[in-house]
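Enquirer:
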């Protein structure tokens, strides 16, 4: 090498876009509906975690949302988590599911409400406890997300919020390799499973009481 020649510049890695920046771009796109397939575009190596994060976000507020949104988002999450469990390098969804969507204007109003909180969370996330996000652990977490996504797709009243938060925390932990967030996601998963089990037991008990009351009423009235 010529000693007088200038040193070669060290290439710098491009900074990965934050989830909030990606959502801002999606909301700025034209079109009445935001399609599931659009969420998978341009996410590259963080595609699984970010796609799951974006899909589950609308289910994380304790307010009435778009009808059947938990099913519309839960099925793609289930498919993505299955692929993550199987070790696929990039996500794939059937074209039919990729064309599922929701009104962009309504999602935009929701995003404006939660954006400040998402940005605060992004500032906290950092790589730590990396053994909880290594490939083998990541597949185990994908299995947990699959279970929560299956619950999300079910028409169970009052059962979506805790599973959605479990999915969100686990997806963020995988994306940012933050073991602390993974632990929080596993804790939310335990709470979600306990809550769903309690709802199912309560529903079964109420159904039994309703059946007994109906039998008593029929006997009393001689129906």
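In my numbering, the protein residues as written are 213 to 435. Where a beta carbon is used, it is the ideal one built from N, C-alpha and C, also for glycine. Note that the structure is predicted; figures quoted are calculated from it, not measured.
(1) Within 10 angstroms of the Cβ of residue 350, are there 16 or more other Cβ atoms? Answer buried if so, exposed if not.
(2) Rounded to whole angstroms, what's the CA-CA distance from residue 422 to residue 274? Just pull it up for me.
(3) For the alpha helix (DSSP H) containing residue 345, name the first residue and the last one.
(4) What first and last residue would you give for the alpha helix (DSSP H) that runs through residue 293?
(5) Excluding the 5 residues preceding and the 5 following residue 323 in the sequence, name in chain order all residues of the same chain whose CB lies nearer than 7 Å to its CB.
(6) Taking all protein chains shown into account, decide if residue 390 is buried (16 or more other Cβ within 10 angstroms of its Cβ) or exposed.
(7) Assign residue 325 to one of three DSSP states: helix, strand, or coil.
(8) Could you work out which residue in 268, 282, 260 and 245 is closest to residue 369 when comparing CA atoms only?
(9) What are the start and end residues of the alpha helix (DSSP H) that includes residue 377?
(10) Strictly by DSSP, which residues pair up with residue 315?
(11) Could you give the distance in angstroms between the alpha-carbon of residue 299 and the alpha-carbon of residue 426?
(12) According to the neighbour-count rule (16 or more other Cβ atoms, all chains shown, within 10 Å of its Cβ), is residue 413 buried or exposed?
(13) Assign residue 420 to buried or exposed, taking buried as 16 or more other Cβ atoms, counted over all protein chains shown, within 10 Å of its Cβ.
(14) Give the range of the alpha helix (DSSP H) segment to which residue 260 is assigned.
(15) Does the separation of the CB atoms of residue 400 and residue 374 fall below 8 Å?
(16) Under 8 Å, with one C-beta from each stretch per pair, do the region 394-409 and the region 325-340 reach the 3-pair mark?
(17) Run through the DSSP bridge pairs and tell me what residue 237 is partnered with.
(18) Throw me the rounded Cβ distance for the residue 289 and residue 267 pair, which I believe falls under 8 Å.
(19) Do you know offhand how far residue 356's Cα is from residue 237's?
(20) If distances are taken between C-alpha atoms only, which option among 294, 388 and 286 comes closest to residue 342?
(21) Please check the pair residue 303 and residue 260, which I expect to be a contact at CB under 8 Å, by giving their CB distance rounded to whole angstroms.
(22) Residue 376 and residue 408 - do their beta-carbons sit closer together than 8 Å?
(23) Using 10 angstroms around the beta-carbon of residue 287, count the other beta-carbons present and answer buried if the total reaches 16, otherwise exposed.
(24) Taking the alpha-carbon positions, what's the residue 385 to residue 244 distance?
Expert: For this structure:
(1) buried
(2) 28 Å
(3) From DSSP, residue 345 is part of no alpha helix (DSSP H); its letter is neither H nor E.
(4) 281-298
(5) 235 and 239
(6) buried
(7) helix
(8) 282
(9) 373-388
(10) 245
(11) 52 Å
(12) exposed
(13) exposed
(14) 259-268
(15) yes
(16) no
(17) In the DSSP output, where bridge partners are listed per residue, residue 237 has none listed.
(18) 5 Å
(19) 30 Å
(20) 388
(21) 6 Å
(22) no
(23) buried
(24) 32 Å
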